[in-house]
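Shown next, in structure tokens, is the structure this report addresses.
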Amino acid sequence: MNLFLGISSSTGIGIGKAFVVPESEKRAIPQDRILPGDRKKELEKFESSIATVMTQIAAQMESVSDTSVPSNKVQKEIFETYFLMLNDPEFLKNVRTAFENDDHNIAYILNEKTEESAEMLEASGNEYLAERAQDIRDVFGRVLDDMLNHHPFRIDTVPDGSVIVARTLNPSETLILSKRKIAGIALIEGGISSHVGILARSYGIPTVFDLHKITEEIKQGNTVIVDGNLGEVIDEPDDDTIEEYKKKIEDDKAHLEFLSQFRNKPAQTKDGEKFRVMANIGTVEEAEIAAKEGADGIGLFRTEFLFMKESNDDISVSHKRGSSFSEESQFEAYKHVLEIMQGKPVTIRTLDAGGDKIINSPEIKTHEEKNPLMGQRAIRLSLANPNQLKTQFKALFRAGKFGNLKIMLPLITSVEQIEEAQRIAEKAKEELRDAKIDFAENVPIGIMVETAAAAMISDCLAKRSAFFSIGTNDLTQYTIGVDRENAHVAAIYDEFHLAVLRLIDKTVKEAAAAGIEVSVCGEMAAKSDSAMVLGGMGIRTFSMSPKKITEIKELLSRFTVAELKAISEKNLKNI
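My numbering applies: residue 492 is where the sequence shown begins, and numbers increase by one.
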């Protein structure tokens, strides 16, 4: 029995026979000289293969046309991404121009340009962008395969019930797995925000990555357990271990059934103290899931995903299709979410772009930065592009007539930033009045506290904010200097670091002194151990992934306020 430790990309437990995917047979790209008389034929071959792959993708899109099924929606978004890549005028122009200025065959040129684009993304120093390189290689690899009549290994030959063991999987290969009963996925390469990770979570396939040499150590047909809850893979477990994990699978099913009873119950402690458990969302569709899961409202609507291509993990941008940047399209999205929540509070965050969330638009001026997470992102980017922020405010104020809206400003580090944003908000109201457009006059505007600077001056910020929401993910990484997306330092990313807890405690006390509400919308709100500490500090509003809501409601029901305070005090004293 061998144990491999990795990083979980999709929770759950799966048991099955290993199917070890062979290393990809390297595609042989000829490097031929093309005679002038054959150049037209080369271009025609290129255009024909592009058309063939687009036809294949269109057929796959047709098979997932019912987007009310969450996994179908994710697949459709990826197919749309591939369509955008295949139709990217800049990339295609670069290929054709290079072919015109070179006497090599077009397959060689296409491979060179594909690698050039992929390597630029990988060299960006940004994990989010680096994982998009795989998408580019995947879709134009399909074009090259068609041009060269190359027939690589087919993932659809994997038997049902298998545990996939591979170096990596392309998104298109993972899409095929959606039609099969796959027990689990164990990969050497991958990422939480990769399309493979997103799809695995959508299909409910337990997945672990960062498993070094696993394709060499695990043999074809071995019994394998993938534990996506702990980020572990067990090769050739003994009978007792298999039985133990089968029981865990049954226990997980029973626990989910047990938690379902809390879906429509109020969140409260054993002694009756009321809490609000809200949802973090990035799309309108997620608001519908939140409502079904019994959310008390939306604590965080990440609007940056409206500015991207209908997906929170996609570098393609919606402005190419001309939709999400306009005031009208934003208004419709915000209005829809407010209507779905039927009067429950909805906190919508202004654009939090930059860093690892790229908005590639001529309407929003950005710059290449050596350290983007410390650069012009979030409120800094919005204040540098005041017309964009004003447009967003106008859409938000208009939507405010249709529900219980609150607006939140991200990454605030100074009083001046709040005041400047409020001036732009007032200008948006003036323009709506002049245009005689109906809107909500008194929408509360609060801020996110997600840096040590904001926490340390929270007394000053509280005087100019309608509410606080603590973003514990960024607060942790900025306070202790650990990149939360970097697997190499994942072991020292510690939300329970005493400095982080003390900053949260200070923020809560300053909010109470100013008489404003404070909530937590970071990952700490969704974890049992940290939720207890936060509750003991006095926080009464949590916001999290919709699927975690019943779990936290059940947790709170097991404790009294006094017990939560005792847990919190112990952690704050670092006992």
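C-beta: ideal position from N, C-alpha, C; glycine also.
Since the structure is predicted, the reported quantities are computational estimates derived from the model, not experimental observations.
Pick from the options that is closest to residue i, judged by C-alpha positions
i, options, result
"L750", "E591, I597, K1044, N878", "K1044"
"R868", "M545, M769, D965", "D965"
"Y825", "E779, V656, T605, K783", "E779"
"A770", "Q759, T760, G788, A844", "G788"
"E818", "F884, I948, E748, V654", "F884"
"Q759", "I627, E1042, A782, A1057", "E1042"
"G790", "E777, K783, V768", "V768"
"V1011", "G1026, A1003, I740", "G1026"
"K892", "I928, L992, E533", "I928"
"N755", "H746, A782, D742, E741", "A782"
"E571", "I725, M899, P697, I548", "I548"
"P1037", "E723, E784, M576", "E784"
"N578", "V630, E741, A875, G866", "V630"
"A519", "A919, H641, F1033", "H641"
"Q625", "N592, M576, P757", "M576"
"T942", "A919, K920, K918, Q968", "Q968"
"I1040", "G632, Q752, G528, P697", "Q752"
Length of the line joining the Cα atoms of residue i and residue j
i, j, result
"I983", "L526", "59 Å"
"V775", "R530", "48 Å"
"A926", "I938", "29 Å"
"E764", "V1052", "7 Å"
"M492", "H703", "17 Å"
"D731", "K737", "10 Å"
"E1001", "E823", "36 Å"
"K881", "V654", "50 Å"
"V973", "A550", "44 Å"
"G906", "H979", "It is Val, not Gly, that sits at residue 906 in the sequence shown. Their Cα atoms are separated by approximately 36 Å."
"L952", "R914", "16 Å"
"F987", "H746", "27 Å"
"S1021", "E1054", "14 Å"
"R1049", "E1014", "21 Å"
"N803", "F495", "In this prediction, N803 scores a pLDDT of 34, lower than 50, which makes its location untrustworthy; no coordinate-derived value is stated."
"I898", "E581", "37 Å"
"A890", "Q908", "24 Å"
"V724", "E613", "28 Å"
"I673", "G962", "35 Å"
"E535", "S554", "29 Å"
"M1035", "E777", "12 Å"
Integer Cβ distance of residue i from residue j, believed to fall under 8 Å
i, j, result
"G773", "K508", "So it is not a contact: roughly 36 Å between Cβ atoms."
"L896", "I870", "At roughly 19 Å, the Cβ-Cβ gap does not stay under 8 Å, so L896 and I870 are not in contact."
"I709", "V511", "6 Å"
"F958", "E910", "In fact, because the Cβ distance is near 17 Å, the residues do not count as touching under 8 Å."
"V649", "A677", "Rounded, the Cβ-Cβ distance is 13 Å, inconsistent with contact."
"D726", "R793", "Between R793 and D726 the Cβ distance is about 39 Å, and since that is not below 8 Å, they are no contact."
"L992", "L1063", "6 Å"
"A916", "K954", "Not quite, the Cβ-Cβ distance comes to about 17 Å (not below 8 Å), so this is no contact."
Cβ neighbours of residue i in the same chain (closer than 6 Å, five flanking residues each side left out)
i, result
"R1031", "F766"
"F1083", "Because the chain here runs from 492 to 1066, residue 1083 falls outside it and cannot be looked at."
"R692", "S501"
Cβ neighbours of residue i in the same chain (closer than 7 Å, five flanking residues each side left out)
i, result
"V586", "I600, L601, K604"
"D594", "R524, I525"
"R812", "Reliability of the predicted coordinates at R812 is poor, the pLDDT of 36 falling under 50, and the value obtained from them is presented with this limitation in mind. Same-chain partners within the cutoff: there are none."
"D637", "S540, T543, V544"
"A944", "T904"
"S1059", "V1024, G1027, M1028"
"V999", "V1009, M1028, G1029, I1030"
"M552", "K567, F570"
"L829", "V837, A890, F893, G894, L896"
"R628", "T605, A609"
Beta-carbon gap between residue i and residue j smaller than 9 Å
i, j, result
"N933", "L989", "no"
"A786", "K744", "no"
"V500", "G681", "According to the sequence provided, residue 500 is Ser. The question's Val does not apply to it. Yes; because the gap between Cβ atoms is below 9 Å, this pair is in contact."
"L720", "G503", "For clarity, residue 720 is Asn in the given sequence; the question names Leu instead. Yes. Within cutoff."
"I995", "M1023", "no"
"S873", "A931", "no"
"F574", "V634", "no"
"G675", "V715", "yes"
"P521", "L639", "yes"
"S956", "I971", "no"
"A946", "K997", "yes"
"S960", "T838", "yes"
"L900", "R840", "yes"
"F1033", "A1057", "no"
Same chain, Cβ closer than 8 Å to residue i, neighbours up to 5 away in sequence not counted
i, result
"I679", "A657, R658, T659, F700, D701, L702, H703, K704, I705, T706"
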